[in-house]
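Q:
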Amino acid sequence: MDQNAQLPHDSLGPRALGIVTPFLIVGILVFLVRIYTRVTPVYKLDASDYTILVAVIIETIIYSLFIASVTSGLGRYSYDVSPEEGIKTLRYVYVVILLSTFVPALARISIGFLLLKFASTKAWRVIIWLTIGIQAACIISTEIFQLIQCRPINAQWEQVPDARCLSARQIWICGYTTIGVALFGDLTLAIMPMFLIWKLNRSTVERCLITVLMALGLIAAVTVIMRLVKMRTLDFASPERFRTLIPVYFWLRMEEAILIIASSAPMLKFTIEHALHKFGLPMFQPRVRKLASFHASNPVSDTTTRLRN
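Under full-length UniProt numbering, read the sequence shown as residues 1 to 309, first letter to last.
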């Protein structure tokens with residue numbers, strides 16, 4: 001008893017939850033502003049809005065399960081988690097893993113649908129649709145992999161006699177593939193607006209603002225890289241799996257929250273424009289292009305001038 005009293009009894013879960021929560025709150029607020037601007041004064045929701053709506057609903061469920069898993073033992077040392085709590089915690093984690101595939105991919109698909117409005121050439125539309133298709137394929141393939149990873153399926157969260165699970169190598173391959181698809185999507189969708197939006201007939205300030213807002217996906221790419229770093233040090237066989245899962249779990253939640261922000265941030269352009277106008281700055285206006293004079297391009301000959309005289 002004395003030896004157990006000297007052991008640490010802290011948990012990494014509340015700390016991770018405390019960091020993720022503000023980002024998720026910002027993401028939901030930005031999303032609500034987006035929806036408000038899209039339904040007032042005229043209802044104009046489209047595929048981009050509906051896609052991110054589904055992602056936010058799923059993320060709300062994930063966040064609720066995050067709280068439940070931390071409450072039941074995620075982040076604690078194994079000696080602080082009873083067998084019953086351990087089974088409950090791992091069951092929550094498994095459901096979160098199943099759902100978490102949807103949120104980042106749907107957020108990227110939402111950004112892709114938004115970019116289709118700016119694509120002026122067939123080549124750009126093909127690239128965007130290809131990116132959307134890859135994200136959709138990632139959802140389907142990852143979900144199938146998660147569902148067949150162990151047989152019976154409850155071997156994911158409890159000891160089952162004669163259970164059969166895929167090897168650690170196969171799990172690593174799936175994980176690295178998912179990360180590769182995520183990085184491809186984030187980089188493509190963050191860099192593409194620089195080429196599409198800069199050609200619009202809008203003011204330089206407005207184009208810079210929209211480009212920066214849409215490039216927030218680059219921050220999501222950083223979270224994906226951090227998840228990759230943590231995955232490389234993850235020990236699936238560790239007796240302290242309730243703690244070792246936290247880093248990967250945390251960066252997944254951060255990726256989801258930031259992508260929700262990034263997918264809705266471009267819709268804040270009008271809100272930011274009106275806010276700047278209240279401080280005395282002019283409203284965004286299209287660029288004024290100087291047209292070449294007809295006489296400048298077709299100079300009148302001296303002969304014509306003489307005839308007029």
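Beta carbons are placed, not taken as given, at the ideal position from N, Cα and C, and that holds for glycine. These numbers were taken from a predicted model, which means no experiment stands behind them.
For Leu-116 versus Arg-108, is the C-beta distance shorter than 8 angstroms?
A: no
Q: Quick check: what's the CA-CA separation for Asp-46 versus Val-39?
A: 11 angstroms
Q: Under 8 angstroms, with one C-beta from each stretch per pair, do the segment 163-173 and the segment 215-226 reach the 3-pair mark?
A: These segments do not touch.
Q: Between Arg-232, Phe-184, Trp-157, Tyr-249, which has its C-alpha nearest Thr-89's C-alpha?
A: Trp-157
Q: Do Leu-12 and Glu-246 count as a contact pair if the criterion is CB distance below 8 angstroms?
A: One detail in the question is off: residue 246 reads as Ile in this sequence, not Glu. Taking 8 angstroms as the Cβ cut-off, Ile-246 and Leu-12 qualify as a contacting pair.
Q: Between the C-alpha atoms of Thr-71 and Val-42, what's the straight-line distance to the nearest angstrom?
A: Straight through space, the alpha carbons of Val-42 and Thr-71 are spaced by roughly 44 angstroms.
Q: If you reduce the DSSP assignment to three classes, tell me which class Arg-151 lands in.
A: Strand, per DSSP.
Q: Identify the residues that DSSP records as bridge partners of Cys-165: which are they?
A: Cys-150
Q: Drop a sphere of 10 angstroms on the beta-carbon of Phe-250, count the other beta-carbons inside from all chains shown, and report buried for 16 or more, exposed for fewer.
A: buried
Q: Can you tell me whether Leu-74 is buried or exposed, with buried defined as 16 or more other CB within 10 angstroms of its CB?
A: buried
Q: Let me know the secondary structure DSSP gives Ser-120 once reduced to three states.
A: It is coil, neither helix nor strand.
Q: Contact check, Thr-121 vs Gly-185 under 8 angstroms by CB: the rounded distance?
A: 21 angstroms between Cβ atoms; not a contact.
Q: Counting only the same chain and skipping the five closest in sequence on each side, list residues whose C-beta sits under 8 angstroms from that of Leu-7.
A: Tyr-77, Tyr-79
Q: Tell me whether Lys-44 sits in a helix, a strand or coil according to DSSP, three-state version.
A: coil
Q: Taking all protein chains shown into account, decide if Met-254 is buried (16 or more other Cβ within 10 angstroms of its Cβ) or exposed.
A: A buried status is given to Met-254, since no fewer than 16 other beta-carbon atoms sit within 10 Å of its beta-carbon.
Q: Under the three-state reduction of DSSP, which class applies to Leu-228: helix, strand or coil?
A: helix
Q: Ordered along the chain, which non-local residues of its own chain (more than five positions away) have a Cβ less than 7 angstroms from that of Phe-145?
A: For Phe-145, where only same-chain residues beyond five positions count, the Cβ hits under 7 angstroms are Cys-174.
Q: Helix, strand or coil for Ser-301 per DSSP?
A: Low per-residue confidence applies at Ser-301: pLDDT is 44, beneath 50, and the placement is therefore not dependable enough to give any value.
Q: Would you please state the rounded distance, in angstroms, between the beta carbons of Val-30 and Ala-265? I believe it to be under 8 angstroms.
A: 6 angstroms
Q: At what residues does the alpha helix (DSSP H) containing Pro-239 begin and finish?
A: Where Pro-239 is concerned, there is no enclosing alpha helix (DSSP H), given that its DSSP letter is neither H nor E.
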